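If you read the protein sequences in the order shown, they are chains D and F.
For the first sequence, position 171 (counting from the first letter as 1) is numbered 171 according to this note's numbering, and the numbering increases by one without interruption.
To convert a position in the second sequence, counted from 1, into this note's numbering, add 248.
C-beta: ideal position from N, C-alpha, C; glycine also.
The structure presented is a predicted model; accordingly, all values stated were derived computationally and were not measured.
There are 2 protein chains.
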Amino acid sequence: MSLQMNQSLSVDCAVFGFDGRSLKVLLVERRYCDSAARLDRLKLPGAMILENETLPAAASRVLAEATGLREIYLKQMEIFSDPDRVRGEELEWINRYHGIRTERVVTVGYYALVKLDARVIAYTDDKGAQWVEVEAIQRLAMDHKQILSAALTHLCREMLQSPVAFELLPRKFTIRELQNLYAAVLGIEIDNRNFRKKILGSGFLAPTGEYEQGVAHKPALYYMFDKAAYKRAVKAKLRLGFINNWRY
Amino acid sequence: MSLQMNQSLSVDCAVFGFDGRSLKVLLVERRYCDSAARLDRLKLPGAMILENETLPAAASRVLAEATGLREIYLKQMEIFSDPDRVRGEELEWINRYHGIRTERVVTVGYYALVKLDARVIAYTDDKGAQWVEVEAIQRLAMDHKQILSAALTHLCREMLQSPVAFELLPRKFTIRELQNLYAAVLGIEIDNRNFRKKILGSGFLAPTGEYEQGVAHKPALYYMFDKAAYKRAVKAKLRLGFINNWRY
């Protein structure tokens with residue numbers, strides 16, 4: 001085997017949003033695809049790195065372009081370095097699109113969590129991007145389905161280990177919305193009563209005193225995430241001594 | 249800014265070992281350095297990726313070449329993508345050494361944990377590599393000091409969250425050795441009695457019945473890591489419900 005020459009480095013980003021019922025991901029249509037009509041048209045937002053740009057900077061740029069947002073939850077996950085991940089027509093499309101002659105593209109996968117409010121949706125609509133239900137996605141361009149699956153796995157793991165779910169929820173939410181989010185991401189059914197008990201028992205949810213309005217069922221109370229209480233708990237746990245933190 | 253052309257992708261690996269008292273890292277001398285005598289000579293083992301090779305495969309190759317070992321603890325940590333991480337004479341050395349003309353090298357940092365036994369030391373001695381006390385290292389080639397620091401931070405974090413310390417210890421070890429290891433990696437002093445109590449209280453150490461031999465002080469009992477007990481505890485914790493796993 002010889003040294004890899006003429007390679008490129010890109011970032012691809014799975015931007016997740018939650019509409020109260022199902023988990024969605026932001027997809028964009030690739031351009032200049034006419035001459036390769038057999039290729040899948042939908043892809044994750046991504047870009048090649050520029051000169052003088054780090055990978056995190058490239059990911060932030062992609063995210064800002066795709067969502068109009070900065071300062072949102074963005075995390076690097078895996079590197080996709082399979083030499084065959086883009087080959088043939090897919091590689092030709094990349095070379096044509098960028099006007100380059102690369103022989104291999106290694107991409108770094110990121111995932112981002114977005115509060116799916118009217119402003120974000122207006123922005124992405126305007127850009128011609130789509131929020132697609134993750135569960136309904138069968139195929140994507142290149143290996144983006146695989147990148148999406150990896151991002152989902154990372155999100156699952158992260159949601160089990162830290163209160164990252166609240167990045168996907170509005171500031172005020174019902175317990176039911178939080179439960180729906182966990183059920184959607186983990187792909188499991190969750191018992192209402194147990195979930196309620198456990199999540200309220202955590203001490204990290206603060207009731208707002210406000211209730212849902214104009215709903216057919218009994219209006220649910222809105223809660224907020226109590227970040228300060230969570231931080232205090234983290235500190236208290238750390239004081240217990242490092243050996244107790246073993247992830248078991 | 250324009251698209252990055254003529255870039256290379258490499259892996260660099262911080263291979264940690266522990267001699268019972270201090271934490272060491274494997275350093276190699278770079279070759280073809282005569283014409284650039286001002287450059288630091290010692291570096292972490294690393295390599296450019298080859299055609300048809302993934303990044304993890306490249307890291308395993310580097311590790312096998314450097315230590316003679318396969319199947320050891322190897323973990324990807326950060327990507328170092330600062331456009332200025334190798335510039336000027338350092339970049340010239342890379343181009344001369346590899347016979348290429350790259351304008352930028354992005355490297356993926358890995359760290360590995362090795363049991364520092366006679367066989368490994370014989371192998372690395374033979375290769376002209378050195379096990380250097382991490383604390384004593386002031387400078388390294390390129391940005392390798394920074395990569396080493398990042399690896400140490402990741403190792404610290406990992407040792408607080410999982411029983412990865414045992415990868416660095418012989419199969420049978422004394423509590424004192426385990427304590428020395430934690431103290432060396434975390435860079436702190438640890439109270440003997442508290443450590444003993446906590447670590448034995450974890451239920452993950454099994455006494456072997458064997459004692460140190462030929463020591464001046466009272467011979468200490470050798471323990472082994474009880475992986476099965478640890479795995480049972482992980483499972484039991486998972487059964488408690490996902491929300492309890494939040495890292496606090």
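Asked                                                                                                                                                                                  : Found
Decide if the region 202–209 of chain D is in contact with the region 39–51 of chain D; the criterion is three or more beta carbon pairs, one per stretch, under 8 Å apart.            : no
Going by Cα to Cα distance, which pick from D:Ile72, D:Asn6 and D:Asp191 is closest to D:Pro169?                                                                                       : This sequence places Leu at residue 169 of chain D; Pro is not what is there. It is D:Ile72 whose Cα lies nearest to the Cα of D:Leu169.
Check the DSSP bridge columns for D:Leu205 and list the partner residues they point to.                                                                                                : D:Phe225
Would you give the residue range spanned by the beta strand (DSSP E) that D:Ala112 belongs to?                                                                                         : Arg104 to Val114
Out of F:Arg387, F:Leu400 and F:Met253, which has the shortest C-alpha to C-alpha gap to F:Leu361?                                                                                     : F:Leu400
Apart from the five residues just before and just after F:Leu429, which ones in its own chain have a Cβ nearer than 7 Å to its Cβ?                                                     : Phe266, Ala413, Leu416 and Leu417
For F:Met296, count neighbouring Cβ atoms within 10 angstroms of its own Cβ and tell me buried if that reaches 16, exposed if not.                                                     : buried
Within 8 Å (strictly less), CB to CB, does D:Pro207 reach chain F?                                                                                                                     : no
Applying a beta-carbon distance threshold of less than 9 Å, which residues of chain F neighbour D:His144?                                                                              : Within 9 Å Cβ-Cβ: nothing; D:His144 doesn't reach chain F, min ~18 Å.
Taking the beta strand (DSSP E) that D:Lys335 belongs to, which residues open and close that run?                                                                                      : Shown here, chain D extends from 1 to 248; a query on residue 335 of chain D therefore has no answer.
Which one or two residues does DSSP pair with F:Val276 in a beta bridge?                                                                                                               : F:Lys291
May I ask you to report which of helix, strand or coil DSSP gives D:Met159?                                                                                                            : helix
With distances taken between CB atoms, is the gap from F:Leu311 to F:Leu322 smaller than 8 Å?                                                                                          : yes
Kindly list the residues whose CB is nearer than 7 Å to the CB of F:Val380, restricted to its own chain and excluding five residues on each side of it in sequence; keep chain order.  : Lys272, Val273 and Leu275
Starting from the beta carbon of D:Thr54, find every residue of chain F whose beta carbon is closer than 8 Å, and list them in chain order.                                            : Ser329, Asp330 and Pro331
Using a Cβ-Cβ cut-off of 8 Å, state whether F:Ser250 counts as contacting chain D.                                                                                                     : yes
According to DSSP, is D:Gly88 helix, strand or coil?                                                                                                                                   : helix
Helix or strand or just coil, what does DSSP make of D:Ala220?                                                                                                                         : coil
Within the continuous beta strand (DSSP E) that includes F:Ala262, where are the two ends?                                                                                             : Gln255 to Phe266
Please confirm whether D:Met224 has its beta-carbon closer than 8 Å to some beta-carbon of chain F.                                                                                    : no
Rounded to whole angstroms, how far is the Cβ of D:Ile79 from the Cβ of D:Val106, which I believe are closer than 8 Å?                                                                 : 7 Å
If you run the structure through DSSP and keep just helix, strand and coil, what is F:Val463?                                                                                          : coil
Spell out the partners DSSP gives F:Leu234 in its beta bridges.                                                                                                                        : Nothing can be reported for residue 234 of chain F, as the shown portion of chain F is limited to 249 through 496.
Just tell me which of F:Ile342, F:Ser308 and F:Asn300 has its CA closest to the CA of F:Arg278.                                                                                        : F:Ile342
Give the straight-line distance between the Cα atoms of D:Gln179 and D:Phe204, rounded to the nearest whole angstrom.                                                                  : 15 Å
When the cut-off is 8 Å and only beta carbons count, does F:Leu298 lie next to chain D?                                                                                                : yes
What are the residues in the region 250–281 of chain F lying within 9 Å of chain D by C-beta distance?                                                                                 : Ser250, Leu251, Gln252, Met253, Asn254, Gln255, Ser256 and Leu257
Give me the Cα-Cα distance between D:Leu69 and F:Val259, rounded to the nearest whole angstrom.                                                                                        : 33 Å
Can you tell me the Cβ-Cβ gap for D:Ile314 and F:Leu251, rounded? I've got them flagged as a contact below 8 Å.                                                                        : Outside the displayed span of chain D (1 to 248) sits residue 314 of chain D, for which this structure offers no information.
Can you find a CB in chain F that lies within less than 8 Å of the CB of D:Val105?                                                                                                     : no
What three-state label does DSSP hand D:Glu167 in the structure shown?                                                                                                                 : helix
To the nearest angstrom, how far is it from the Cα of D:Val86 to the Cα of D:Glu103?                                                                                                   : 9 Å
Could you tell me if F:Gly357 is buried or exposed, where buried requires 16 or more neighbouring beta carbons within 10 angstroms of its beta carbon?                                 : buried
Could you confirm whether any beta carbon from chain D is found closer than 8 Å to the beta carbon of F:Ala476?                                                                        : no
Could you name the residues of the same chain whose beta carbon sits closer than 7 Å to that of D:Ala233, not counting the 5 residues immediately before and after it, in chain order? : none
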